[in-house]
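Novice:
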Amino acid sequence: MNRALLYMDLTHKLLKNKCLSNLHFLCAFSIKYPQFGLNEFEQKSITSNEDLNHFKNDVIKYLRETIRPTAVTLSKHLQTLSREKNTLFNQNKNLEKELRQVKICSRGSLFVHKQSKIECVFETQKQIHEKEVIADEEGKYNKELQIIRKENADLKQQLHELRQNVTVNKYGGGEGVVEETQSIEDIVQHLQSLLKKLTQQHEAQAQANNQLNNEIQQLAKTKQKAHQELVKSMEFVEQLRQSNARVTEELTRSEEQREQLQKQLKNLVNEVDELRSENTNMENDLTKTKKKTKNIKKQSKNQEFSFEVNKRIIISQEIIEQEQERGDSLEAELKNKEKQIQVLHAQKEDLMQQLHSKIQSDVTETSVASEKVKELLEEIAASKNEHETLRLSLDQHREDLLEKEEEIASLNRTINSLKLELNALAGLEQDFTALQGKCKHMASELETKTVAFNNLQLAYNNLQVQFHKLEEIQKNEKLAAENNKMFVYLLNLFHHLYFNKYESATKQLAEVRTKLTHSQKYILRLENENSTLRNGLQKTINKLKAFSSNENQVDRRLVNKLLVTFFERLHNNGDTQEVIQLMGNILNFSEEEKRNVMLENETNANVNKIKDGKDTKNLADLWVEFLLTEMDEDGEDTSKHKNSNESVIPSKEWREEKSVEHEVASETDSKNDIEIANAFLHPGNENENSSEADHHSQN
Numbered sequence: 001m002n003r004a005l006l007y008m009d010l011t012h013k014l015l016k017n018k019c020l021s022n023l024h025f026l027c028a029f030s031i032k033y034p035q036f037g038l039n040e041f042e043q044k045s046i047t048s049n050e051d052l053n054h055f056k057n058d059v060i061k062y063l064r065e066t067i068r069p070t071a072v073t074l075s076k077h078l079q080t081l082s083r084e085k086n087t088l089f090n091q092n093k094n095l096e097k098e099l100r101q102v103k104i105c106s107r108g109s110l111f112v113h114k115q116s117k118i119e120c121v122f123e124t125q126k127q128i129h130e131k132e133v134i135a136d137e138e139g140k141y142n143k144e145l146q147i148i149r150k151e152n153a154d155l156k157q158q159l160h161e162l163r164q165n166v167t168v169n170k171y172g173g174g175e176g177v178v179e180e181t182q183s184i185e186d187i188v189q190h191l192q193s194l195l196k197k198l199t200q201q202h203e204a205q206a207q208a209n210n211q212l213n214n215e216i217q218q219l220a221k222t223k224q225k226a227h228q229e230l231v232k233s234m235e236f237v238e239q240l241r242q243s244n245a246r247v248t249e250e251l252t253r254s255e256e257q258r259e260q261l262q263k264q265l266k267n268l269v270n271e272v273d274e275l276r277s278e279n280t281n282m283e284n285d286l287t288k289t290k291k292k293t294k295n296i297k298k299q300s301k302n303q304e305f306s307f308e309v310n311k312r313i314i315i316s317q318e319i320i321e322q323e324q325e326r327g328d329s330l331e332a333e334l335k336n337k338e339k340q341i342q343v344l345h346a347q348k349e350d351l352m353q354q355l356h357s358k359i360q361s362d363v364t365e366t367s368v369a370s371e372k373v374k375e376l377l378e379e380i381a382a383s384k385n386e387h388e389t390l391r392l393s394l395d396q397h398r399e400d401l402l403e404k405e406e407e408i409a410s411l412n413r414t415i416n417s418l419k420l421e422l423n424a425l426a427g428l429e430q431d432f433t434a435l436q437g438k439c440k441h442m443a444s445e446l447e448t449k450t451v452a453f454n455n456l457q458l459a460y461n462n463l464q465v466q467f468h469k470l471e472e473i474q475k476n477e478k479l480a481a482e483n484n485k486m487f488v489y490l491l492n493l494f495h496h497l498y499f500n501k502y503e504s505a506t507k508q509l510a511e512v513r514t515k516l517t518h519s520q521k522y523i524l525r526l527e528n529e530n531s532t533l534r535n536g537l538q539k540t541i542n543k544l545k546a547f548s549s550n551e552n553q554v555d556r557r558l559v560n561k562l563l564v565t566f567f568e569r570l571h572n573n574g575d576t577q578e579v580i581q582l583m584g585n586i587l588n589f590s591e592e593e594k595r596n597v598m599l600e601n602e603t604n605a606n607v608n609k610i611k612d613g614k615d616t617k618n619l620a621d622l623w624v625e626f627l628l629t630e631m632d633e634d635g636e637d638t639s640k641h642k643n644s645n646e647s648v649i650p651s652k653e654w655r656e657e658k659s660v661e662h663e664v665a666s667e668t669d670s671k672n673d674i675e676i677a678n679a680f681l682h683p684g685n686e687n688e689n690s691s692e693a694d695h696h697s698q699n
């Protein structure tokens with residue numbers, strides 16, 4: 001109850017000081033958010049628009065100071081998480097490179113056959129492990145993409161809601177700020193939930209990295225075991241010296257396989273070139289996107305939603321940097337593969353030399369060699385499988401690159417949509433300023449109405465004075481009681497009349513405004529018609545001047561038209577005085593001729609009026625028609641003259657508007673008569689009637 005009384009006091013103060021535009025904001029905001037409510041002393045101290053605007057600005061500053069830092073910290077935290085991801089990814093790549101270098105060093109030894117078996121085992125294990133890791137990473141990235149898409153959809157919905165809120169702000173003073181604060185709080189909660197999810201993902205990735213480190217340690221242990229097995233392979237090589245002559249047949253087969261491998265290498269080189277061209281195209285696209293983002297930053301500096309746009313741009317730049325890093329990693333992998341291929345070529349040449357030397361020494365040992373040949377065939381099949389897996393991985397990387405390009409295009413589209421929305425918001429701000437102007441106009445109207453109300457209060461005070469005089473005259477109690485009853489009755493009548501007159505005055509104002517608009521339109525129409533008539537008259541005057549070399553010459557068609565109209569009016573029993581006057585002016589009649597013609601015309605007109613009272617057309621209309629027909633006969637553009645005819649001839653709408661104006665004038669006269677009658681019946685209301693009459697005269 002106390003808060004309601006305080007708001008009643010505030011509304012009373014704001015009405016006195018004409019602060020109607022801020023009343024709605026104060027009430028809505030204080031009821032919706034009591035934590036930002038004003039104290040009793042502060043509410044009593046607010047008496048103007050400036051004080052309440054300061055209160056508004058303080059609230060908005062508080063919201064910005066509380067919400068913007070949280071958003072900035074969230075964005076920074078997201079950037080750090082993305083950087084940590086990139087560092088972990090690079091660490092994994094470096095570990096893989098180290099393992100490859102260790103393998104290359106191990107392959108450089110003389111005891112290649114036994115070590116190749118061990119490496120095949122390691123490579124198969126590693127491929128299985130890499131496939132599992134790649135599958136896990138792809139699943140994580142797909143989940144992250146789904147989350148990002150959901151976030152984009154949520155942001156679009158929030159933008160749509162903000163548009164609706166802005167449209168509501170046009171018609172409701174302060175509710176828009178309250179709704180905007182709610183939407184901002186929802187966004188902050190949503191960002192906090194995203195932060196929690198990202199932290200969980202980061203912890204999961206850290207666990208995965210720990211597992212990878214453990215597996216690397218296990219691989220190091222297996223490497224030591226392999227070194228021990230190399231010592232054993234020394235003994236195995238001595239047994240190989242006693243190999244069989246069947247190795248010669250297998251060499252031919254190995255040469256054929258070598259040719260096939262060379263063809264495959266050529267295909268790989270072509271694929272590498274294609275990948276490089278694709279990388280160059282990607283880099284060009286990235287430069288273009290960077291230029292676009294720079295232009296977008298320049299355009300969106302002085303706009304309200306630049307913070308969100310900058311966030312999006314930062315995210316898109318991070319994605320682009322990640323893609324660049326992945327492209328670089330792919331190039332590094334391709335270079336490593338080329339190096340491996342060169343090493344394989346060198347190893348093959350060494351093997352060929354070793355085999356030729358062994359053929360001479362190990363002809364007798366055929367049985368052992370056959371088993372080893374089978375092992376070599378198995379190794380070749382394993383190498384083919386590895387080659388196929390590498391091709392599949394390359395295809396997957398290409399698909400990933402295409403998907404990321406599509407994501408970049410979608411981000412650019414969202415940026416463009418945000419630009420359009422910012423332009424729309426600027427238009428809405430202009431509409432808001434126009435509405436503020438309208439509110440000021442309404443406040444001025446309220447001032448006039450308050451003046452009328454004060455005049456009515458003066459009349460009411462005069463009635464009270466008269467009533468006190470009657471009480472002094474009438475001393476008896478019965479008469480006093482009756483007078484009190486009459487006073488109450490008069491008061492009720494006064495209030496009833498006041499409210500009725502107030503409503504009638506508002507209706508009259510609306511009617512007068514509509515009449516003003518109609519009259520302005522009518523004036524514009526008359527001006528256009530007069531301009532067309534003036535142009536027609538000037539043209540006809542110029543033509544008449546051209547026709548008449550002397551002053552006494554007259555056009556036959558004009559005389560023909562005047563005579564025809566004269567005789568038509570005679571037959572129709574109409575007025576012919578206008579025709580005779582015009583003929584006198586054109587043909588230069590003397591005064592005696594004019595008198596004779598006018599006397600005869602008056603006698604004929606009286607007789608014709610007695611016979612038949614039909615109306616004829618006005619001579620001005622006939623004159624206009626004649627001029628227009630001449631213009632059509634002589635003119636060059638018939639279509640323009642038709643339009644001028646339509647504009648000159650008075651239309652039905654014009655006549656209806658004149659009749660409506662006549663009715664309105666009659667209604668106002670009748671209202672004035674009624675007010676004068678009321679003044680005679682109620683002499684106490686003279687001041688009231690005079691104030692209303694002044695108000696009508698001002699309007």
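With full-length UniProt numbering as the guide, the letters of the sequence shown map in order to residues 1 to 699. The beta-carbon is built from N, C-alpha and C at its ideal position, and this holds for glycine as well.
Which residue comes first and which comes last in the alpha helix (DSSP H) that contains Gly584?
Specialist: Along the sequence shown, read from residue 1 onward, the residue named residue 584 stands at position 584. Where Gly584 is concerned, the enclosing alpha helix (DSSP H) stretches over Gln577 to Leu587.
Novice: Can you give me the Cβ contacts of Ser651 inside the same chain, cut-off strictly under 8 Å, excluding the 5 residues immediately before and after it?
Specialist: As a working note, residue 651 is residue 651 in the sequence shown. Annotation note: pLDDT 46 at Ser651 (below 50); position unreliable, coordinate value reported separately. Same-chain partners within the cutoff: there are none.
Novice: Flag this pair as yes or no: are the beta carbons of Arg569 and Val579 separated by less than 8 Å?
Specialist: For the purposes of this step, residue 569 is identified with residue 569 of the sequence shown, where counting begins at 1. For the purposes of this step, residue 579 is identified with residue 579 of the sequence shown, where counting begins at 1. Yes, the pair counts as a contact, with Cβ atoms nearer than the cut-off.
Novice: Short check: CB of Asn90 to CB of Gln322, under 8 Å?
Specialist: To locate residue 90, count along the sequence shown from 1; it is residue 90. To locate residue 322, count along the sequence shown from 1; it is residue 322. It is not a contact, given that the beta carbons lie outside the stated cut-off.
Novice: Between Asn528 and Val559, what straight-line distance do the alpha-carbon atoms span, to the nearest angstrom?
Specialist: As a first step, residue 528 must be located in the sequence shown, where it is residue number 528. As a first step, residue 559 must be located in the sequence shown, where it is residue number 559. Each residue's alpha carbon lies about 30 Å from the other.
Novice: Can you tell me the Cα-Cα spacing of Leu418 and Glu331, whole angstroms?
Specialist: Residue 418 sits at position 418 when you count from the first residue of the sequence shown. Residue 331 sits at position 331 when you count from the first residue of the sequence shown. Near 36 Å, if we compare the C-alpha coordinates of Glu331 and Leu418.
Novice: Could you give the distance in angstroms between the alpha-carbon of Asn608 and the alpha-carbon of Gln508?
Specialist: Position 608 of the sequence shown holds residue 608. Position 508 of the sequence shown holds residue 508. Below a pLDDT of 50, predicted positions are generally treated as unreliable, and Asn608, at 48, falls in that range; the measurement from the model is reported next regardless. Answer to the nearest angstrom: the Cα atoms are 47 Å apart.
Novice: To the nearest angstrom, how far is the alpha carbon of Tyr460 from that of Gln466?
Specialist: One-based indexing of the sequence shown puts residue 460 at position 460. One-based indexing of the sequence shown puts residue 466 at position 466. Going by the C-alpha atoms only, they are around 10 Å apart.
Novice: Which class does Asn454 belong to by DSSP, given the choice of helix, strand or coil?
Specialist: As a first step, residue 454 is located in the sequence shown; it is residue number 454 there, counting from the start. DSSP places Asn454 in helix when its eight states are reduced to three.
Novice: Could you spell out where the alpha helix (DSSP H) holding Asn560 opens and where it closes?
Specialist: In the sequence shown, residue 560 corresponds to position 560, counting from 1. Arg556 to His571 is the span of the alpha helix (DSSP H), which, as asked, contains Asn560.
Novice: Spatial neighbours of Asp211 within its chain, please: C-beta separation below 6 Å, excluding the five flanking residues on both sides.
Specialist: Translated into the one-based positions of the sequence shown, residue 211 becomes position 211. Note that residue 211 is Gln in the sequence shown here, rather than Asp. Correct list: empty, nothing qualifies.
Novice: Look at the Cβ atom of Leu563, then the Cβ atom of Leu582, and state whether they are nearer than 8 Å.
Specialist: Residue mapping note: residue 563 aligns to position 563 of the sequence shown, counting from 1. Residue mapping note: residue 582 aligns to position 582 of the sequence shown, counting from 1. In this structure, Leu582 does not lie closer than 8 Å to Leu563 by Cβ.
Novice: Specify the secondary structure class of Met590 as computed by DSSP and reduced to three states.
Specialist: Locating residue 590 in the sequence shown gives position 590, counting from the first residue. Here the sequence assigns Ser to residue 590, which means Met is not the residue at that position. In the structure shown, Ser590 sits in coil (DSSP, three-state: anything other than H, G, I, E or B).
Novice: What is the DSSP secondary structure of Gly437, reduced to helix, strand or coil?
Specialist: Counting from 1 along the sequence shown, the entry for residue 437 is found at position 437. Gly437: helix per DSSP, three-state reduction.
Novice: Which term fits residue 703, buried or exposed, when burial requires 16 or more other beta carbons within 10 angstroms of its beta carbon?
Specialist: No answer is possible for residue 703: the residues shown for the chain start at 1 and end at 699.
Novice: Can you give the beta carbon distance from Lys292 to Asn423, rounded, assuming they're within the 8 Å contact cut?
Specialist: To locate residue 292, count along the sequence shown from 1; it is residue 292. To locate residue 423, count along the sequence shown from 1; it is residue 423. That pair is no contact at about 17 Å.
Novice: In three-state terms, what does DSSP make of Gly574?
Specialist: Your numbering for residue 574 matches position 574 in the sequence shown. Note: Gly574 maps to coil in three-state DSSP.
Novice: How would you label Thr506, buried or exposed, when you count the other beta carbons within 10 angstroms and need 16 or more for buried?
Specialist: For the purposes of this step, residue 506 is taken as the residue at position 506 of the sequence shown. That one is exposed.
Novice: Using only the alpha-carbon positions, how far apart do Leu446 and Thr433 sit?
Specialist: Here the question's residue 446 lines up with position 446 in the sequence shown. Here the question's residue 433 lines up with position 433 in the sequence shown. Approximately 20 Å between the Cα atoms of the pair.
Novice: Apply the 10 Å Cβ neighbour rule to Arg557 and answer buried if 16 or more other Cβ atoms are within range, or exposed otherwise.
Specialist: Position 557 of the sequence shown, counted from the start, is the residue given in the question as residue 557. The residue in question, Arg557, is exposed, as its Cβ has fewer than 16 Cβ neighbours within 10 Å.
Novice: Quick check on Glu593: buried or exposed, where buried means 16 or more other Cβ atoms within 10 Å of its Cβ?
Specialist: Your numbering for residue 593 matches position 593 in the sequence shown. Result: exposed.
Novice: Could you tell me the alpha carbon to alpha carbon distance between Arg83 and His387, rounded to whole angstroms?
Specialist: Numbered from 1 along the sequence shown, position 83 holds the residue referred to as residue 83. Numbered from 1 along the sequence shown, position 387 holds the residue referred to as residue 387. Taking the straight line joining both Cα atoms gives about 33 Å.
Novice: Measuring CB to CB, does Ile319 end up less than 8 Å from Glu399?
Specialist: Looking up residue 319 in the sequence shown gives position 319. Looking up residue 399 in the sequence shown gives position 399. Contact flag unset, no.
Novice: Return the Cβ separation of Lys93 and Ser329 in integer angstroms, given the expectation that the two are a contact with Cβ distance under 8 Å.
Specialist: Counting from one through the sequence shown, the residue named residue 93 turns up at place 93. Counting from one through the sequence shown, the residue named residue 329 turns up at place 329. Rounded, the Cβ-Cβ distance is 6 Å, consistent with contact.
Novice: Determine the burial state of Gly437: buried for a count of at least 16 other Cβ atoms within 10 Å of its Cβ, exposed for fewer.
Specialist: Here residue 437 corresponds to residue number 437 of the sequence shown, with the count starting at 1. That one is exposed.
Novice: Determine the direct distance from the alpha carbon of Gln342 to that of Thr389, and round the result to whole angstroms.
Specialist: The residue labelled residue 389 in the question sits at position 389 within the sequence shown. The residue labelled residue 342 in the question sits at position 342 within the sequence shown. Straight-line Cα distance between these residues: approximately 20 Å.
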